[in-house]
Amino acid sequence: MPFAPFIFLICLVAGIAYLIYVKRKERELIEQVTPITRGEWSERRVVLKLLKAGINPKAIFLLLYIQKPNGTYTQVDVAVATKVGLIVFEVKDYSGWIFGNEHQKYWTQLLAYGKEKHRFYNPVMQNAGHIQAIRQCLSQNPGIPIYSVIVFFGSSEFKDITCNAENTFIIYPRSIRQVVSDIMMQPNANFGNKYEIMNLFTKGVQNGNDSMIVSSQINSAAYYGRKTPQSTYTISFNSLFRFRGFSHRRKFW
């Protein structure tokens with residue numbers, strides 16, 4: 047048995063070396079799209095999963111600040127340009143049980159087996175606002191399909207979520223590749239001017255480097271109640287998730 051500790055040490059060192067190698071490769075992948083310091087960890091994980099799903103890095107944009115017609119800005123976590131249309135991701139990082147549906151202004155997060163309750167702005171509505179802002183900037187691409195994907199990172203658990211919004215997905219991170227694969231099976235989009243889309247997204251990323259724009263967006267979000275929800279929420283809906291715009295329905299959790 048004198049070799050047992052030695053073998054264990056070798057395996058430990060090999061395991062650490064492999065982990066470092068994997069992390070370095072993942073970093074290199076992410077840096078094809080964005081600096082590794084940009085955004086939150088969960089947002090960069092979405093980028094990584096998209097890259098591993100075969101999405102062209104030039105088609106992925108992280109943290110875009112899109113200017114709306116009224117002059118204010120809205121923050122889009124991740125946007126992807128594909129042959130079937132655009133995919134807009136809203137990334138959340140929560141623990142606990144999650145309750146909500148597409149029509150409620152605020153959703154509920156329960157912690158400590160219901161002893162703690164927090165509310166947050168409906169992510170379906172939030173991402174719908176982002177998509178509306180994008181559409182308003184794409185006059186040369188009217189009717190372009192835009193898919194909304196809300197991803198919940200963390201140790202959250204969907205307890206009672208319903209959504210019938212068209213082309214909308216509410217998922218855990220493990221389902222990103224499957225959802226993207228399903229979206230990519232849709233018919234090719236009828237683009238008017240692809241350069242208009244790329245210019246909008248590129249400008250949106252550049253806006254994220256402007257501290258004044260970022261600050262104004264944060265203040266605007268706070269003004270419209272994103273940070274301090276006041277809801278009269280009650281649990282009174284079904285536990286089945288559905289989405290429209292596809293020939294089949296599937297649960298992704």
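For the sequence shown, the numbering used here assigns the number 47 to the initial residue and increments by one for each residue that follows. Backbone N, C-alpha and C define an ideal beta-carbon position, used for all residues, glycine too. Nothing here was measured: the structure is a model prediction, and the numbers come from that model.
- Contact between the region 245 to 265 and the region 118 to 138 is present: three or more C-beta pairs spanning the two stretches fall below 8 Å.
- Remark: three or more beta-carbon pairs, one from each stretch, lie closer than 8 Å, so the region 131 to 150 and the region 170 to 188 are flagged as touching.
- Look at the beta carbons and you see the region 122 to 140 touching the region 87 to 100: at least three pairs across the two are nearer than 8 Å.
- Excluding sequence positions up to five before and after TYR193, its CB lies within less than 6 Å of the CB of ILE133, ASN213, ILE229, all in the same chain and listed in chain order.
- C-alpha of LYS69 to C-alpha of VAL251: approximately 25 Å in a straight line.
- Ranked by Cα distance from PRO191, the first of VAL225, LYS151, ASN236, PRO81 is ASN236.
- Cα atoms of VAL59 and LYS71: separation of roughly 18 Å, rounded to the nearest angstrom.
- The Cβ atoms of VAL92 and VAL197 sit closer than 8 Å to each other.
- Where GLU242 is concerned, the enclosing alpha helix (DSSP H) starts and stops at 240 to 253.
- According to the DSSP assignment, ALA99 belongs to no alpha helix (DSSP H), since it is labelled neither H nor E.
- For ASN173, the enclosing alpha helix (DSSP H) covers residues 169 to 182.
- The Cβ-Cβ distance between ARG84 and LEU108 falls below 8 Å.
- DSSP, reduced to helix, strand and coil, places GLY61 within a helical segment of the structure shown.
- Per DSSP, the unbroken alpha helix (DSSP H) holding GLN224 starts and ends at 222 to 229.
- In this model, SER141 and SER201 are separated by some 4 Å (Cα to Cα).
- DSSP places GLN113 inside the beta strand (DSSP E), whose first and last residues are 106 to 113.
- Using a 10 angstroms sphere on the CB of GLN150, the tally of other CB atoms reaches 16 or more, which defines it as buried.
- For the pair ILE106 and ILE53, the Cα-to-Cα distance works out to about 44 Å.
- Counting along the chain, SER194 sits inside the beta strand (DSSP E) bounded by residues 192 to 199.
- Counting along the chain, VAL126 sits inside the beta strand (DSSP E) bounded by residues 119 to 128.
- HIS176 counts as buried, since at least 16 other C-beta atoms from the protein chains shown sit within 10 angstroms of its C-beta.
- Rounded to the nearest angstrom, the gap between the Cα atoms of PRO115 and GLN78 is 31 Å.
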